[in-house]
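Notes follow the structure.
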């Protein structure tokens, strides 16, 4: 598939390539006032976690997950996330907070981390059994890593126009699948760039996994450990990865599903959702994933994003716009025929996560050495060109990216290192959590008074 800037300019209206469907999922653990994991049950105010449309749990009872509906703009998606974050912060116990970091807080022993509990129905029994299997396989502490998932699809009308502009792929379904598969393949190659720009999980507490100490060689004197070079421990070799490296084929949906089925048959995975890739293909029916995927890819889910502690919602509009531009770049970027792109992308991902702030870091591009700085600036020039030629209006996003490439002190990860040196990992994030809770309580009252639609969402979120 070869979609070019010229194709878009000839067959789409101005800025039509920007139109799409957006959604977010935000995980975050509840903590006590002293920075310890809150082991109390999921707040009963949120009702049955399988029925609440916006607020549920992830692996643990202590881990709240916010899920937005799908909206047709970044602004709408962000505003909804902002509302639900305020509802969560305002509703949880007065002596509990939402931890503002992907790396967990002070953790108890493995067997004291509570696995999410469900009502005694078939779906709940299956969910608990799956989590118990993960706990045994990976340990409960690693399950407490949290992040942001960014869901996106182009509008069907946009895909239809691009399909009609070519004569190579015969069916619209196959064209749509191949469009998203190309984005996924390129994402595997370039995800390291997103880690550099948005990564901010380069500090941990000593109660986290012991192997983290192999990457983090400095101590903040408050139980926190860090490295001057690291960017994202969550995306590092100590992050949430499968026990063995798995590289399914992404040349077709059929080959992808065949490979995933083989991993399950061989015992590498308990089920398809245990494949922990940085980006996922998503079908209409996620419960029957592999079967439903044969009917076509509905959207893609980007899973690389760390929680941003410098934003109440864990993600900023700047980040959302950057990722949107990045997706369009993945669609337009011409692919090479390098066979081992997944393996190379995996190595680059871990290198940048663990050593990305080093001025001397070298990556691999199609088997050849290239410095992070050189490659990153090449990508920046491509983004500038796409933004200009397609009149996307993402000038502020380009500036946001450029500032972080020109001076690493402008990255979230370097800012976090400096703050942790001054205040300590735990104290810094406790202060942020308390600050955001206070903001949410004030903001929610104002929002509910001024916005009737917000009151409807509130009633749906609170039992």
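Numbering (this note's numbering), first residue to last: 1259 to 1721. We treat Cβ as the ideally placed atom computed from N, Cα and C, and that holds for glycine. This structure is a prediction, so every number in the text was calculated from the model and none was measured.
For residue i, the residue or residues it bridges with in DSSP
i	result
residue 1671	None; residue 1671 has no bridge partner.
residue 1627	1622
residue 1459	1490
residue 1407	1283
residue 1559	1409, 1538
residue 1288	1356
residue 1454	BP columns for residue 1454 are empty, so no partner.
residue 1644	Residue 1644 pairs with nothing; no bridge assigned.
Cβ neighbours of residue i in the same chain (closer than 7 Å, five flanking residues each side left out)
i	result
residue 1746	Within the shown structure, residues of the chain are numbered from 1259 to 1721, placing residue 1746 beyond reach of any answer.
residue 1460	1484, 1485, 1488, 1489, 1490, 1491, 1671, 1674, 1675
residue 1697	1570
residue 1435	1511, 1554, 1555
residue 1419	1269, 1270
Burial state of residue i (16 or more Cβ within 10 Å)
i	result
residue 1264	exposed
residue 1473	buried
residue 1714	exposed
residue 1579	buried
residue 1540	buried
residue 1704	exposed
residue 1260	exposed
residue 1611	buried
residue 1503	exposed
Assigned secondary structure, residue i (DSSP; H/G/I helix, E/B strand, else coil)
i	result
residue 1300	coil
residue 1584	helix
residue 1279	strand
residue 1323	strand
residue 1680	helix
residue 1416	helix
residue 1437	helix
residue 1537	strand
residue 1663	helix
residue 1338	helix
residue 1426	coil
residue 1445	helix
Whole-number beta carbon distance between residue j and residue i, since they are thought to touch under 8 Å
i	j	result
residue 1467	residue 1400	6 Å
residue 1320	residue 1296	6 Å
residue 1276	residue 1326	About 19 Å; that fails the 8 Å criterion.
Heavy atom of the ligand MG within 8 Å of residue i beta-carbon
i	result
residue 1311	Ligands are entirely absent from the displayed structure, and the ligand MG is therefore not among its contents.
Residues near residue i in its chain [Cβ-Cβ closer than 6 Å; skip 5 each side]
i	result
residue 1449	1536, 1562, 1607
residue 1528	1391
residue 1668	1661, 1662
residue 1726	No answer is possible for residue 1726: the residues shown for the chain start at 1259 and end at 1721.
residue 1688	1293
residue 1542	1550, 1556
Cβ-based neighbour list, residue i, same chain, cut-off 8 Å, excluding 5 preceding and 5 following
i	result
residue 1637	1448, 1451, 1587
residue 1397	1368, 1467
residue 1423	1265, 1268, 1269
residue 1521	1504, 1506, 1527, 1533
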